[in-house]
Amino acid sequence: AWCEIRPDPPADPSLAFLDPGERAAIRLAMAVHADRLLIDEMEGRAEARRRHLLVTGTVGVLASAHLAGLLDFEQAVARLRETNFYIADEVIAAVRQDLAGVKGRG
Numbered sequence: 055a056w057c058e059i060r061p062d063p064p065a066d067p068s069l070a071f072l073d074p075g076e077r078a079a080i081r082l083a084m085a086v087h088a089d090r091l092l093i094d095e096m097e098g099r100a101e102a103r104r105r106h107l108l109v110t111g112t113v114g115v116l117a118s119a120h121l122a123g124l125l126d127f128e129q130a131v132a133r134l135r136e137t138n139f140y141i142a143d144e145v146i147a148a149v150r151q152d153l154a155g156v157k158g159r160g
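Heads up, the sequence shown is in the numbering used here, so the first residue is 55 and it goes up one at a time.
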């Protein structure tokens, strides 16, 4: 199935320093052996990597969708910035550089 509802995996006290959403996401990703975890919060990303999970963020999803021809990256970022979602300028700059490198190789 493309999407399914799963019960929360058992609690993990070692994740107590994270917000409940990040804790649940990491526990579920580990329980189902996820290919990738979508997580934006920096502490959560770092902890997921420590647990050998492959992570991406919202901007990474937008970049992948752009490369697949599904959306325009700049337009998507502009629309996202109109919301209360914070994106560091450095993150956008790094992804732009990556996208330019891909375009230059293609």
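In this text, a Cβ means the ideal position worked out from N, Cα and C, and glycines have one as well.
Roughly how many whole angstroms lie between the Cα atoms of residue i and residue j?
i	j	result
D66	E101	13 Å
A130	G114	12 Å
R60	V109	20 Å
L124	P74	32 Å
A154	E128	12 Å
V138	R90	The sequence given here has Asn at residue 138, not Val. Approximately 25 Å between the Cα atoms of the pair.
I141	A55	31 Å
A88	P63	13 Å
L69	L92	17 Å
G158	L121	13 Å
E97	V145	15 Å
A132	D143	12 Å
R105	D152	26 Å
R81	L72	12 Å
Can you name the residues that DSSP bridges to residue i?
i	result
L153	Bridge partners of L153: none, in fact.
V109	L91
Using a Cβ cut-off of 7 Å (strictly closer), state whether residue i contacts chain B.
i	result
C57	Any reference to chain B falls outside this structure, which holds one protein chain only.
One question on the structure: do residue i and residue j come within less than 7 Å of each other, judged by their Cβ atoms?
i	j	result
D94	T112	yes
V149	A117	yes
L107	A83	yes
Taking 6 Å as the cut-off, is the CB of residue i close to at least one heavy atom of the ligand HEM?
i	result
A154	Only the bare structure without any ligand can be found here, which leaves the ligand HEM out of the picture.
Taking the continuous alpha helix (DSSP H) assigned at residue i, which residues delimit it?
i	result
P74	74-85
G69	The sequence shown places Leu at residue 69, rather than the Gly named in the question. Looking at the DSSP string, L69 is not in any alpha helix (DSSP H), and its letter there is neither H nor E.
G180	The requested residue 180 does not occur in the structure, where the chain is confined to residues 55 to 160.
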